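Chemist:
Numbering (the working numbering), first residue to last: 4 to 100.
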């Protein structure tokens with residue numbers, strides 16, 4: 004690894020912080036990882052990889068990050084739909100009886 008000095012604006016560093024927190028890594032690790040992806044030429048193919056998910060128990064999840072760059076505050080919310088009941092996939096619905 005090679006040391007590099009880079010200056011980022013407060014807003015950009017806050018955005019990196021929110022993304023890093025959502026993924027459970029440090030800001031420095033995320034920045035280094037993005038530089039590495041750029042150097043190996045990963046482009047739009049990452050979208051296909053990230054969208055390969057698994058079935059969820061709720062029909063949809065929303066992880067909302069509200070960034071207030073003026074006040075340097077980040078608020079995060081996790082919303083699941085439907086709220087009233089827990090949804091699990093039933094394989095019997097996929098095949099006729």
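Using N, Cα and C, we set each Cβ at its ideal position, and we do this for glycine too. Note that this is a predicted model, so its numbers are computed, not measured.
Could you compute how far the alpha carbon of residue 139 sits from the alpha carbon of residue 75?
Modeler: For the chain, the structure presents residues 4 to 100; residue 139 sits outside this window and is missing.
Chemist: Quick test of your reading: residue 72 and residue 17, contact by CB under 8 Å. State the CB separation rounded to the nearest angstrom.
Modeler: 6 Å
Chemist: In whole angstroms, what is the alpha-carbon distance linking residue 42 and residue 77?
Modeler: 30 Å
Chemist: If I measure Cβ to Cβ from residue 11 and keep anything under 7 Å in the same chain, skipping five residues before and after, which residues do I get?
Modeler: none
Chemist: From the DSSP output, in three-state form, read off residue 42 for me.
Modeler: helix
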